[in-house]
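Numbering (our numbering), first residue to last: -17 to 311.
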């Protein structure tokens, strides 16, 4: 199903010749990512496409034969950011340097409405001593960024790894602490990165802690033990996402599971076929995507530098694309 908001956005049918770099991309890598979630697409138009996806060896021909490129909301320039799966050092027990908890979803957390803010939860100790702790990390700043990313790996003292994924949030919208630093005149927009924010928070004590409270959103986690370590974290479709082939989108405009061609500018341009397999509270609009850069510190360093313009083009099954272009559902 095409997102509900997409019907109020501009739409333009393109050809594959209009996609810059299309001919030289690795279509097979995109097809392999598409296969992981196509089985979950419920609209009847997708069923025969998914069946062919599992059988074909001609990845480029598969996309060119069964899809049409659709530019949604193309009057606005796209914004691309990056995200990753953090890996934190943590312990299942509160001991030594391991003092900062990651919490499970509280049973009384309401659905669909705002609850206590980040500041209220942390200042008031409203979650303490209730057995909601999954594990304890060494660094509260890393816990904050784990919540921003929504999933991660915990490296335990015995060398084992515990994976955690998004379980729920407190109902407040995400607010960028990077933008808040810019608003205060402490940095220029081009200077802000995840590493720069972390350094500033750690160097500024109480002011740093209060900066994090500017983001009222608070994320609760769940253990994700069924996902093997060699696979990516679970996305919004409850399937593992793929490094440099999965993106988070706004499902009000872009159907989850759909292939999406991106043309990203910036210092490291990227023209590549991705798959919309995730969402994020900060990802809003037809021309908005978050690129999954992988797991660990190096991936985080790459993802934290991305804030680039460009455009994104959704590939839709031919009949769906034509109906939408004509104003149908």
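In this text, a Cβ means the ideal position worked out from N, Cα and C, and glycines have one as well.
Small disclaimer: the values here were computed from a predicted structure and weren't measured.
Does the separation of the CB atoms of residue i and residue j fall below 8 Å?
{"i": "residue 45", "j": "residue 297", "result": "yes"}
{"i": "residue 241", "j": "residue -2", "result": "no"}
{"i": "residue 255", "j": "residue 12", "result": "yes"}
{"i": "residue 231", "j": "residue 258", "result": "yes"}
{"i": "residue 128", "j": "residue 83", "result": "no"}
{"i": "residue 59", "j": "residue -8", "result": "no"}
{"i": "residue 80", "j": "residue 119", "result": "yes"}
{"i": "residue 36", "j": "residue 17", "result": "yes"}
{"i": "residue 286", "j": "residue 62", "result": "no"}
{"i": "residue 205", "j": "residue 116", "result": "yes"}
{"i": "residue 238", "j": "residue 219", "result": "yes"}
{"i": "residue 322", "j": "residue 130", "result": "Shown here, the chain extends from -17 to 311; a query on residue 322 therefore has no answer."}
{"i": "residue 156", "j": "residue 234", "result": "no"}
Between which two residues does the alpha helix (DSSP H) containing residue i stretch?
{"i": "residue 4", "result": "Counting along the chain, residue 4 falls outside any alpha helix (DSSP H), and DSSP gives it neither H nor E."}
{"i": "residue 178", "result": "176 to 185"}
{"i": "residue 164", "result": "159 to 165"}
Counting contacts by CB-CB distance shorter than 8 Å, is residue i in contact with chain C?
{"i": "residue 176", "result": "No chain C is present in this structure, which holds just one protein chain."}
Measure from the alpha carbon of residue i to the alpha carbon of each residue in the options, then state which is nearest.
{"i": "residue 151", "options": "-5, 94, 102", "result": "94"}
{"i": "residue 86", "options": "71, 189, 147", "result": "147"}
{"i": "residue 325", "options": "113, 162, 119, 301", "result": "The chain is shown only over -17 to 311; residue 325 falls outside these bounds and no answer can be derived."}
{"i": "residue 8", "options": "166, 20, 41", "result": "41"}
{"i": "residue 136", "options": "277, 51, 158", "result": "277"}
{"i": "residue 141", "options": "130, 183, 199, 70", "result": "70"}
{"i": "residue 275", "options": "96, 252, 196", "result": "252"}
{"i": "residue 216", "options": "134, 153, 107", "result": "134"}
{"i": "residue 200", "options": "213, 158, 233, 47", "result": "158"}
{"i": "residue 260", "options": "228, 234, 207, 288", "result": "228"}
Within 10 Å of its beta-carbon, does residue i have 16 or more other beta-carbons around it, so buried, or fewer, so exposed?
{"i": "residue 344", "result": "In this structure the chain extends from -17 to 311, so residue 344 is not present and cannot be described."}
{"i": "residue 34", "result": "exposed"}
{"i": "residue 311", "result": "With a pLDDT of only 47 at residue 311, under 50, the local geometry of the prediction cannot be trusted, and the value read off the model is given with reservation. Residue 311 should be labelled exposed."}
{"i": "residue 52", "result": "buried"}
{"i": "residue 245", "result": "buried"}
{"i": "residue 208", "result": "exposed"}
{"i": "residue 186", "result": "exposed"}
{"i": "residue 0", "result": "exposed"}
Between which two residues does the beta strand (DSSP E) carrying residue i extend?
{"i": "residue 294", "result": "289 to 299"}
{"i": "residue 276", "result": "270 to 277"}
{"i": "residue 229", "result": "228 to 230"}
{"i": "residue 253", "result": "252 to 260"}
As an exercise, report each continuous beta strand (DSSP E) stretch of at least 3 residues that is fully enclosed by the segment 64 to 150, in chain order.
List check, beta strand (DSSP E) in window: 69 to 73, 82 to 85, 115 to 119, 134 to 137.
Could I get the ranges of all uninterrupted alpha helix (DSSP H) runs contained in the segment 7 to 50, with 4 residues as the minimum, in chain order?
Segments of the alpha helix (DSSP H) lying fully in the segment 7 to 50: 9 to 20, 28 to 37, 41 to 48.
Residue ranges of each beta strand (DSSP E) within the segment 186 to 235, 3 or longer:
Complete beta strand (DSSP E) runs here, min 3: 201 to 205, 228 to 230.
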